[in-house]
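With positions in the sequence shown counted from 1, the corresponding number in the working numbering is that position plus 682. Written out below as C-alpha cells is the structure these notes cover.
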Amino acid sequence: MGDELILGIESSCDETAAAVVAGGRRILSSVVASQVAIHRKYGGVVPELASREHLRQIVPVVREAVEQAGIKLSDVSAVAVTRGPGLVGALLVGVTYGKVLSYALGKPLIAVNHLEGHVHAVLLEAHIAGKSPELPAVCLIVSGGHTLLYRVKTDGARNGIGPFSYDRIGGTRDDAAGEAYDKVAKMLALGYPGGPVIDHLAADGDAKKIAFAAPKMSGNRFDFSFSGIKTAVLYHLKRNPQMQPEIEARQTALARGERSADGLRALTSQETLDLVASFQHAVVEDLLTRTLAAAEQCAVPTVFVSGGVAANSALRKAFETEGARRGIATFFPSRALSTDNAAMIAAAGFARFAAGERENLLLNAEANLPLG
Ligand code: KG4
Ligand code: ZN
C-alpha cells in the first residue's frame, strides 16, 4: 500500500465535487462546482434544487477531475464517496454515482463520513506545508451545517494517515456558526453566503462596541448555541431604526446583482461595521474558548479547525495567537480545503481503503450519520 489513486466524490450539501488524491496525501486534482448562485435568492440551501443540480453536475465534475489529474478513470484504485451526514437527496446522487463507477470499473467502493473528510482536510494541508501534527487532537468542525467538537484518536491508525477513531465532545444545540453568519447577513442585507462578507467588513469595525452576552447553558460546557446572538442582533436592529435606510439601499443593490464585499462596504455605515465586528468577535470568542478548554481537558497537544467558517480571518488569528500562548499547536486547512471539497473525501477514503474496508452495492446515504 503506497501511492494508490483514490477518486473522491462529495455531494452532501451544495457543492458537487470530485478529486483524485495519491496515497491519501498528494492532491492531483480537486474540482468543486458550487451551487451558491442557485441558492442565493433563497438565502439558504434549498434541498430539492441541490439534488437537481448535483444530478446535472456530477458527470462533468468527475470527468474534469480525472482529466485535470492527467489519468484515466481505470487508473484509480478505489472510489470513495460521502455517505453522510447531509441532505439525503443530495447525498444519494453522489452515493449512486459512486456505486455505478465502482461497479463499472471493477474497483472497490469506500464510504466516507463527511465530518471525517473535514479532519483530513487539515491533514492534507499540513502535509502540503511539510508538517506532521502531533496526535491525538481536538477538532472543531465549523460550517454552515455543523458546529462540532471531536477528540481525534489514533487507535489503529497508520503513519498519521488513519483511519482514526472519534469521541464527540460537544456540538451546537441550535444554529451552526455559519448559519448564524448567514442569518445575520440576511438581516443586514449583506448577501449570501454571509460569512465571507462579514469577515471582510468586520475588519473595519470596532469589535468592542457592542457586548453580546455569551450563551448561558447548563450541562455540557463544550456545547454551543448561536441562536441567542442572532436574536440579539435582530433586537439591536429593532432598537435602532436609523439603520433601516442603509439596509434597504443594500437590498436594492443586491437585487441589481451587486456581489462584491467592497460594493456593499460602500453602502455600509460605521454603525453597521461595528455591529458585524462585535457579532463576529462574540462568535469567534465562543468557538475559541470552548475549543481550547476542550483541548486542555483532553490534554491533547493539537487543535484542528475545519469547515467553511475555518476560512474566517479573525478565527484563524485568534486560534493562532491564543493557541501559541497556551502551547497548543493549531492547524487549519487552506481556504479552498476549508469549504466542502472531494480531496478531503479521497484522503479519508484512502485510510479506510488501506485498512481493508470495502462497501458493497447496498451502500445507502445516511442523512444523520454520526462520527465515531
Ligand atoms: O463547509 P461549507 O462550505 O458548507 C457547509 O455548510 O457544509 O461552509 C459554508 C459556510 C457558510 O455558512 C458561510 O457563510 C461560512 O461557511 N463561511 C464563512 C467564511 N467563509 C465561509 N464564515 C465566516 N467567515 C468566512 N470567511
Ligand atoms: Zn462540510
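Note that beta-carbon positions come from the ideal geometry of N, C-alpha and C, so glycine has one too. Remember, predicted model here, so these are calculated numbers, not experimental data.
Contacts around residue i, its chain only, beta-carbon distance under 6 Å, and the 5 residues preceding and following it disregarded
i	result
Leu731	Ile720
His809	Arg707
Phe986	Val804, Ala819, Cys821, Phe1013
Pro875	Asp864
Ala715	Thr698, Gln739, Val743
Glu861	Gly826
Pro790	Ala760, Arg1040
Gly852	Leu831, Asn902, Phe904, Asp905
Under 8 Å between C-beta atoms of residue i and residue j
i	j	result
Thr1099	Leu817	The requested residue 1099 does not occur in the structure, where the chain is confined to residues 683 to 1054.
Thr698	Val743	yes
Gln933	Ala996	no
Val702	Val748	yes
Arg833	Cys980	yes
Gly844	Ala1033	yes
Glu686	Val713	no
Ser1020	Gly990	yes
Ala1047	Val777	yes
Asp881	Asn1050	no
Asp857	Ser900	no
Ala935	Leu949	yes
Thr984	Ala1011	yes
Glu1004	Leu970	yes
Ala896	Gln962	no
Ser784	Gln750	no
Candidates the options: closest to residue i by CA position
i	options	result
Gly788	Val794, Gly780, Asn795	Gly780
Tyr848	Asp856, Ile823, Tyr863	Ile823
Ser705	Gly827, Ala1028, Phe904, Ser1020	Note on residue identity: the sequence assigns Gly, not Ser, to residue 705. Taking only the C-alpha atoms, the option nearest Gly705 is Ala1028.
Ala889	Glu861, Ala931, Ala964, Lys813	Ala964
Arg734	Leu946, Val761, Ser694	Ser694
Met869	Ala992, Thr954, Gly853	Thr954
Val761	Pro767, Val782, Ile753	Val782
Val915	Ala885, Leu957, Asp905	Leu957
Val982	Gly1009, Gln962, Glu967	Gly1009
Ala992	Ile753, Ala772, Val801	Val801
His796	Glu807, Pro815, Leu773, Ser784	Leu773
Gly842	Ile753, Ser988, Ser814	Ser814
His736	Ala700, Gly877, Lys723	Ala700
Arg722	Gly1054, Asn1042, Glu940	Glu940
Ala786	Glu967, Ser756, Gly768	Ser756
Phe1065	Gln717, Thr836, Thr854	The requested residue 1065 does not occur in the structure, where the chain is confined to residues 683 to 1054.
Gly768	Val718, Asp696, Val966, Val758	Asp696
Ala859	Asn1042, Ala1000, Lys754, Val966	Val966
Thr829	Ser907, Leu919, Ile753	Ser907
Glu692	Ala931, Leu1053, Asn1023	Asn1023
Residue i CB to nearest heavy atom of the ligand KG4 below 7 Å
i	result
Gly877	yes
Glu861	yes
Thr1021	yes
Asn994	yes
Asp956	no
Cys980	no
Asp864	yes
Ala695	First, the residue type needs correcting, since residue 695 is Cys and not Ala in the sequence shown. Result yes, Cβ under 7 Å from the ligand KG4.
Asp881	yes
Any non-hydrogen atom of the ligand ZN closer than 7 Å to residue i Cβ
i	result
His800	yes
Gly989	yes
Ser1060	Residue numbering for the chain in the displayed model covers 683 to 1054; residue 1060 lies beyond these limits and cannot be assessed.
His721	no
His736	no
His796	yes
Below-8 Å beta-carbon distance, residue i vs any chain B residue
i	result
Arg765	You won't find chain B in this structure, because it holds only one protein chain.
Contact set for residue i: own chain, Cβ-Cβ below 7 Å, skip 5 residues either direction
i	result
Val879	Ala867, Leu872, Gly873, Ala943, Leu946
Ile929	Leu870, Ala871
Gly1031	Ile688, Gly690, Ala760, Ala762, Ile792, Val794
Pro923	none
Arg998	Phe1014
Ser951	Glu928
Leu1045	Arg765, Val777, Lys781, Leu791, Ala793
Ser988	His800, Val801, Ala803, Val804, Cys821, Ile823, Pro1015, Ser1020
Own chain partners of residue i with C-beta closer than 8 Å, once the 5 adjacent residues on each side are dropped
i	result
Leu806	Val703, Arg707, Ile709, Pro1015, Leu1019, Ala1025, Met1026, Ala1029
Ser960	Gly887, Asp888, Ala889, Lys890, Lys891, Ile892, Ala893, Phe894
Legend entry - Every unbroken alpha helix (DSSP H) inside the region 945–1026 [4 residues or more]: 952–980, 995–1008, 1017–1020
Inset, instruction - Could you pull out every unbroken beta strand (DSSP E) segment of at least 3 residues lying fully inside the region 794–851, listed in chain order? - result: With a minimum length of 3 residues, the unbroken runs of beta strand (DSSP E) contained wholly in the region 794–851 fall at 819–824, 829–835.
Legend entry - Sequence ranges, alpha helix (DSSP H) only - wholly within the region 733–788, length at least 4: 770–787
Legend entry - Complete alpha helix (DSSP H) runs within the region 907–937 (minimum length 4 residues, chain order): 909–921, 926–937
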